[in-house]
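S.K.: Using my numbering, the letters of the sequence shown correspond one by one to residues 31 to 330. Ideal Cβ positions, reconstructed from N, Cα and C, are used throughout, including at glycine. Starting off with a structure, shown below.
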Amino acid sequence: MPKRNRPAWAIFAEKALEGVIYLCGISAIVFVLGIFFFVFKVALPVLFEPGFSLTQFLFSTEWYPTSESNIRYGVLAMIAGTFSVTVLAMVIAVPFGLGAAIFVSEFCGPKLKETLKIIIELLAAIPSVVWGFIGLTVMSKLIVEFTGAPVGVNILNGGIILALMSVPIIVSIGEDALKAVPDSYREAGLALGTTHWQLVYRVLLPAAKNGLLAAVLLGVGRAVGETMAVLMATGHAVHIPEGILDSVRTLTANIAAELGEAPENSNHYRVLFLTGVLLFTITFVVNLAADLVIRGIRKK
């Protein structure tokens, strides 16, 4: 029906629906900016305190927020701990996650596919504190037994637990990305005489690379932002790690452990919020780098 012949209420309803959809589209941006503004607003006053140094905060490994004689706020060791656990988790999770996504998407029968998808969803639904208990009570004993480490709560423990938590996300998003590749690509590849593995490697993976990269980034986000599991599985020690059997403390675990004990509006309290700003920045840089990579791939 031409627009000029439509009743006024129909035009109004369409405009209202368009407005609601528009608001829904920008709501995520508004919420993220609102959260960042709140966190930064609380953290901002500490930047102008006489005894606080941003350079020391970023590049010092000394974290003594409750010292009576010499208070020091240095998060370099926790940044190193966060990256070490995350990198190890992704080294484990990405091959298993993408491999499982390819298997579920391209090699499974219908019944086995549904069974595996249910199991993967159940893994994703396990609370992080349960994963932390597994790391603390099960994985730690296995690590001590098989590696001879003095303690079982360390980078290796945290990396394995985070990998297990990230794999379901990578599998789900990766399988959706592969399933979104048009069937005409598969038919064309098979018509040219490719084997099933050649079809996956030469056709499907390049066609789904953006979605697969998004799956990996979501896994990285889950690993960087995880709190309870790494708090329980990594040992919570503030120092630069020298190997995967060293105990570490991550930025998120430090916030979770100390925010409830820090007096409100104290420098310690505001520094923990500043650590949250740092986490926002790290996440933004990771996503920006991934976006630039995707743009470069598309240009090629």
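So I41 is in the alpha helix (DSSP H); what residue range does that whole segment cover?
M.R.: One-based indexing of the sequence shown puts residue 41 at position 11. That run of the alpha helix (DSSP H) goes 38 to 73.
S.K.: Among residues of its own chain, excluding the 5 on either side of V233, which ones have a beta-carbon nearer than 6 angstroms to its beta-carbon?
M.R.: In the sequence shown, the residue the question calls residue 233 occupies position 203. Only Y215, G219 meet the Cβ criterion.
S.K.: Using the Cα positions of A110 and I199, report the straight-line distance between them to the nearest angstrom.
M.R.: Locating residue 110 in the sequence shown gives position 80, where the first residue counts as 1. Locating residue 199 in the sequence shown gives position 169, where the first residue counts as 1. So the two alpha carbons sit approximately 24 angstroms from each other.
S.K.: T257 to K45, Cα distance in whole Å?
M.R.: Taking the first residue of the sequence shown as 1, we reach residue 257 at position 227. Taking the first residue of the sequence shown as 1, we reach residue 45 at position 15. About 43 angstroms.
S.K.: Helix, strand or coil, according to DSSP, for R216 in the structure here?
M.R.: By one-based count along the sequence shown, residue 216 stands at place 186. The answer is helix: DSSP assigns R216 an H, G or I state.
S.K.: Rounded to whole angstroms, what is the Cα-Cα separation between M195 and E291?
M.R.: Sequence index remark: in the sequence shown, residue 195 carries index 165 (1-based). Sequence index remark: in the sequence shown, residue 291 carries index 261 (1-based). Cα-Cα distance, rounded: 28 angstroms.
S.K.: Put G265 into one of helix, strand or coil per three-state DSSP.
M.R.: Translated into positions along the sequence shown, residue 265 becomes position 235. Of the three classes helix, strand and coil, the one that applies to G265 here is strand, per DSSP.
S.K.: Check V105 in the structure and name its three-state DSSP category.
M.R.: Looking up residue 105 in the sequence shown gives position 75. V105: coil per DSSP, three-state reduction.
S.K.: From N317, N284, T225, pick the residue whose C-alpha is nearest to that of L248; which is it?
M.R.: Mapped onto the sequence shown, residue 248 falls at position 218. It is N317.
S.K.: Compare the C-alpha of E205 against each of G49, L242, N187 and name the closest.
M.R.: As a working mapping, residue 205 is identified with position 175 in the sequence shown. When only C-alpha atoms are compared, the closest one is L242.
S.K.: Among all the DSSP beta bridges, which residues are the ones paired with V278?
M.R.: Residue numbering aside, residue 278 sits at position 248 when the sequence shown is read from its first letter. Partner(s): G265.
S.K.: What's the C-alpha gap between T280 and L261?
M.R.: Start at 1 with the first residue of the sequence shown, and residue 280 comes out as number 250. Start at 1 with the first residue of the sequence shown, and residue 261 comes out as number 231. Each residue's Cα considered, the two are about 8 angstroms apart.
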